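Worksheet: one structure, shown below.
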C-alpha cells in the first residue's frame with residue numbers, strides 16, 4: 001500500500017511539471033510572435049516613412065501561478081523515532097508541504113509524513129494505518145498524536161529545567177553559549193532572566209572579569225563579551241589578580257595588584273617570577289627577563305605580574321580565609337576575609353561597605369590600583385577608606401582597623417601584609433587555617449578573663465546546732481579548734 005501511494009504521488013508530481021512546462025512554452029511562443037511582428041513593422045517604417053496607427057500596448061506575459069516556480073524543497077530525510085530529532089523533522093516537513101502547489105489534502109500530507117518514516121516510527125505508523133483511524137484524513141490531529149509518542153525532551157526535562165541547571169564548567173564560553181541559546185529558544189524566558197542566569201552560569205574567572213565591565217548590556221552583547229573574555233583568559237593562562245601597595249619609601253605612588261595568593265613558599269612570603277623562573281621577585285621587577293621595561297618606564301615602576309597557573313595550569317590553590325565581623329554595624333553577620341601576604345594593605349569591597357553602612361572618608365593621597373594584566377581595577381584609583389572601626393576575627397580577636405575601598409566582590413575583605421605584621425598570627429599554610437595568635441595579642445587584642453577565688457573562713461561558718469546532751473563537749477564540734485593541736 002505504501003509503495004502504491006508513493007508511486008501515485010510521484011506520478012502526480014510529474015504531471016504537474018509537464019503542465020507547467022507546457023504553459024511556459026506557450027507563453028514563450030506568444031511572446032516571440034509579438035517580437036517578430038514588432039521587428040517586421042519597424043523594418044517597413046524605415047523603407048516607407050508612412051505614419052502607422054498606434055499599436056496597442058503589448059501586455060507582458062502572464063506571470064506563472066504561485067507555486068509553479070521559485071525554490072523547490074525536498075522531503076526531509078528519514079526519521080527513525082529519535083526524540084531529539086522529532087521537532088526538527090516536523091519543521092522540515094511543514095516547510096516542504098508549504099511549497100507544494102496545489103495544496104495537498106489532509107490525507108496526502110499524512111502520506112508524505114509516513115513516507116519519511118523508518119524504524120520504530122514506521123512501526124507505529126503501520127499500526128495506526130492498519131486501524132483505519134479517522135486521524136489519517138486530518139494532518140493536524142495525526143501530528144498531535146505523532147508528537148505525543150515521539151516528541152519528548154531528552155533526559156526527561158523540559159528546556160527551561162535544562163537551562164536552569166546548565167553551567168559552563170570546563171568547556172569554552174563559545175560552546176556553552178551555543179547550548180545556552182538553543183535551550184533559551186524553547187524555554188520562553190525574557191531577556192532579563194536570560195542575562196542574569198547566563199552571567200551566574202559562567203565560570204568564576206569569567207564572572208570576575210565581567211564584574212569590572214558595564215552591566216547595562218543586552219543579552220547578545222553579554223554573550224559576545226563573555227566569549228571574548230574567555231578566549232583572552234585562555235590565551236593568557238587564566239591569570240589571577242595580585243594585590244600590592246607601593247612601599248612607603250618610594251616618592252611616586254606605585255600601582256597595586258589584586259589577588260596575591262600565588263606561588264609562594266610555605267610561609268607565603270616569596271614570589272616566583274613568571275619571566276625568568278627565579279624566586280624573590282616578580283616579573284614586573286625582573287631585570288633579566290623580557291619585562292624589564294614597559295612603555296618606556298623602568299621595571300621598578302611596573303606592576304608585578306604573578307600567575308599561580310604558570311607552571312602548573314591544571315593545579316588549583318586554596319585560599320586562606322578567616323571569619324570576621326563588624327559588631328558596630330552588623331553584629332550578627334560573619335564575612336570571610338582573605339589572608340594575603342602579597343597584599344600590601346587591608347581592603348574591603350565597596351558594595352559590602354555600603355551595604356553595612358560603614359562611614360567612608362577620602363584618603364589624603366589617592367594611589368592607582370591595577371589588576372594582574374595592568375588594566376585599571378574598577379575606577380583605577382583608590383580614593384576612599386573606612387573610618388577606624390572595630391573588627392572581630394574568629395569570634396575572639398578584637399581590634400581597630402581602617403580598610404581601603406576596592407571593587408572586589410570575589411574577596412569582600414582582604415587582610416594583607418600590614419595586618420600580618422601587626423598581629424603576627426600563627427598560620428598553618430598547609431591546612432589553610434589560623435591556629436593561634438602571638439603573645440602581643442594576648443593582652444592587647446584578646447581579653448583575659450580574671451576569675452575571683454574566695455577562701456572560706458571558719459569564723460564565717462554559721463554555728464552548728466549542738467544537742468543539749470553534748471553542751472559540755474562544744475569545743476569538740478568547733479572547726480577552728482579542730483585545726484589546732486591540744
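In full-length UniProt numbering, the protein residues as written are 1 to 486.
Beta carbons: idealized from backbone N, C-alpha and C, even for Gly.
Remember, predicted model here, so these are calculated numbers, not experimental data.
Residue 107 vs residue 97 beta-carbon contact at 9 angstroms: no
C-beta atoms of residue 95 and residue 73 nearer than 9 angstroms: yes
Simplified DSSP state of residue 131, which is helix, strand or coil: coil
Sub-9 angstroms separation of residue 152 and residue 212 beta-carbons: no
Under 9 angstroms between C-beta atoms of residue 415 and residue 353: no
Outcome for residue 165 when other beta-carbon atoms lying within 10 angstroms are tallied against a minimum of 16: exposed
Three-state secondary structure assigned by DSSP to residue 330: strand
Coil, strand or helix - residue 369 by DSSP: strand
Where the beta strand (DSSP E) containing residue 176 begins and where it ends: Note, residue 176: premise wrong, no beta strand (DSSP E); alpha helix (DSSP H) at 173 to 187.
Span separating the alpha-carbon of residue 401 from that of residue 381: 21 angstroms
Residue 200 (DSSP reduced to helix, strand or coil): helix
Identity of the residue in 112, 137, 320 nearest residue 78 by Cα: 112
Residue 106 Cβ short of 8 angstroms to the ligand FAD heavy atom set: Within the structure as shown, the ligand FAD is missing, as the structure has no ligands at all.
Option nearest residue 326 by Cα separation, candidates 336, 193, 339, 392: 392
Nearest candidate by alpha-carbon position, reference residue 230, set 208, 75, 192, 31: 208
Opening and closing residue of the alpha helix (DSSP H) in which residue 442 lies: 439 to 444
Length of the line joining the Cα atoms of residue 17 and residue 117: 26 angstroms
Runs of alpha helix (DSSP H) lying entirely within the region 77 to 150, each at least 4 residues, in chain order: 86 to 98, 106 to 115, 119 to 130, 139 to 150
At least three beta-carbon pairs within less than 8 angstroms, the region 424 to 433 to the region 354 to 370: no
Distance between beta carbons of residue 337 and residue 363, contact taken as under 8 angstroms: The Cβ separation is near 21 angstroms, so there is no contact.
Bridge-paired residues (DSSP) for residue 358: Bridge partners of residue 358: none, in fact.
Status (buried if at least 16 other CB within 10 Å, exposed otherwise) for residue 35: exposed
Test item: CB-CB of residue 195 and residue 170 under 9 angstroms: no
Environment of residue 291 [buried if 16+ CB atoms lie within 10 Å]: Low per-residue confidence applies at residue 291: pLDDT is 40, beneath 50, and the placement is therefore not dependable, though the value from the model is reported in the following sentence. So residue 291 counts as buried.
Cα-Cα separation between residue 253 and residue 202, rounded to whole angstroms: Low local confidence applies: a pLDDT of 48 at residue 253 is under 50, so the model's placement there is unreliable, with the coordinate-based value given in what follows. Rounded to the nearest angstrom, the two C-alpha atoms are 35 angstroms apart.
Proximal residues to residue 396 (C-beta, below 7 angstroms), its chain only, five neighbours per side dropped: 446
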